[in-house]
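Step one of this worksheet: look at the structure below.
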Amino acid sequence: MRKKIVAGNWKMNTLPSEGAELAKNVVANRQEVCSCVNFIVCPPFTHLSMVAEQLKGSDVALGAQDCATETKGAYTGEISAQMIAELGCKYVILGHSERRQYYGETSETLNKKMAQAYANNLTPIYCVGENLEEREAEKHFDVVKAQLEEVIFNLTEEQFANLVIAYEPVWAIGTGKTATADQAQEIHAYIRKVLAEKFGAAAQECPILYGGSCKPANAAEIFAKEDVDGGLIGGAALKAEDFLAIGKGFAK
Ligand code: PGA
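Heads up, the sequence shown is in the numbering used here, so the first residue is 776 and it goes up one at a time.
Written out as structure tokens, the structure reads:
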């Protein structure tokens, strides 16, 4: 049985105090949702210690939205994987489309970040997904395959066993447009097939999350699909009530 995961990517939203309040509300109402659902919150770096404080004693896990390619040293403005691990992070989102698009992240930088994450016992939530142009040209399978081959195929079997994939069609992120449940299933199954070519049966254990305008109203339909193991949630993760309600979308 694969893990069921609902991860909140807060992006550059909330002030630290507001983030602490949001985390507090998630923890306070978490018991409304099956304990079989693994909740993760990924606030901005500046909020991590305050949010960690709120999560203490709960089963809601902490993640960061990125980490540096290097271990430490003269890299002004960067935050290392070791730093976020010490603050209590268990997960780190890597390769989000906004990082690829606005900050020039490539497979080369992501390979280094993945190595940093594993060296610090963090589980990467590695994002893949095509943009609208690529989808319309029916290149989405090729784009996603390349994003997997260039980074995930470099992992050892042990590292692969400690990985979450998030499929996020760029055209659905923050746009209110969602992939249909069938579109999500089609590409999730494809991702699993590509992973199986390299990692065999272990691909059956890898959680693959859907991201892109996932909300309480559509989560159940998407999560009902065989190869969808949860969601990476942006906008709807900023309200504890909506974030938790998404977790109620698991019927299986
Ligand atoms: P969204 O963002 O839910 O606001 O579309 C998802 C994501 O980018 O992680």
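Cβ atoms here follow ideal geometry from the backbone N, Cα and C, with glycine treated the same way. These figures come from a predicted structure and were not determined experimentally.
Asked	Found
Would you identify the three-state DSSP class for Ser792, choosing helix, strand or coil?	helix
Smallest Cα separation from His915: which of Thr898, Tyr942, Tyr901 and Ile927?	Tyr942
Measure the alpha-carbon distance for Arg875 versus Glu828 and round it to whole angstroms.	31 Å
On the three-state DSSP scale, how would you describe Lys1027?	Confidence is the limiting factor: at Lys1027 the pLDDT is only 48, short of 50, which leaves the residue's position unreliable, though a coordinate-based value still follows. Coil.
May I ask which residues mark the beginning and end of the beta strand (DSSP E) holding Asn906?	Run containing Asn906: none; DSSP gives neither H nor E here.
Counting along the chain, where does the alpha helix (DSSP H) carrying Asp939 start and finish?	Before going on, a small fix: residue 939 reads as Val here, not Asp. Counting along the chain, Val939 falls outside any alpha helix (DSSP H), though it belongs to the beta strand (DSSP E) covering Val939 to Tyr942.
So does Leu984 have its beta carbon nearer than 7 Å to some heavy atom of the ligand PGA?	no
Based on Cα-Cα distance, which residue from Val801, Gly904 and Thr844 lies nearest to Ala890?	Thr844
Kindly identify the DSSP beta-bridge partner or partners of Val816.	Gly783 and Leu837
With hydrogens ignored, establish whether the beta-carbon of Asn784 is closer than 7 Å to any heavy atom of the ligand PGA.	yes
Check for me: the alpha helix (DSSP H) holding Tyr877 runs from which residue to which?	Ser872 to Tyr877
Give a single yes or no on whether Ile1008 has its beta carbon closer than 7 Å to a heavy atom of the ligand PGA.	yes
Is any heavy atom in the ligand PGA found nearer than 7 Å to the beta carbon of Ile1021?	no
Rounded to the nearest angstrom, what separates Thr789 and Met858 at their Cα positions?	21 Å
Tell me where the alpha helix (DSSP H) around Leu1007 begins and ends.	Careful: Leu1007 lies outside any alpha helix (DSSP H), inside the beta strand (DSSP E) at Gly1005 to Ile1008.
To the nearest angstrom, report how far apart Ala836 and Phe935 are at their CA atoms.	20 Å
Determine which residues share a DSSP beta bridge with Tyr985 and list them.	Tyr942 and Gly1006
Taking all protein chains shown into account, do 16 or more other C-beta atoms lie within 10 angstroms of the C-beta of Leu907, making it buried, or fewer, making it exposed?	exposed
Tell me whether the region 984-993 and the region 1007-1018 touch, counting them as touching only if at least three CB pairs, one residue from each stretch, are closer than 8 Å.	yes
Starting from Val867 and walking both ways along the alpha helix (DSSP H), at which residues does that stretch end?	Not the alpha helix (DSSP H): Val867 falls in the beta strand (DSSP E), residues Tyr866 to Leu869.
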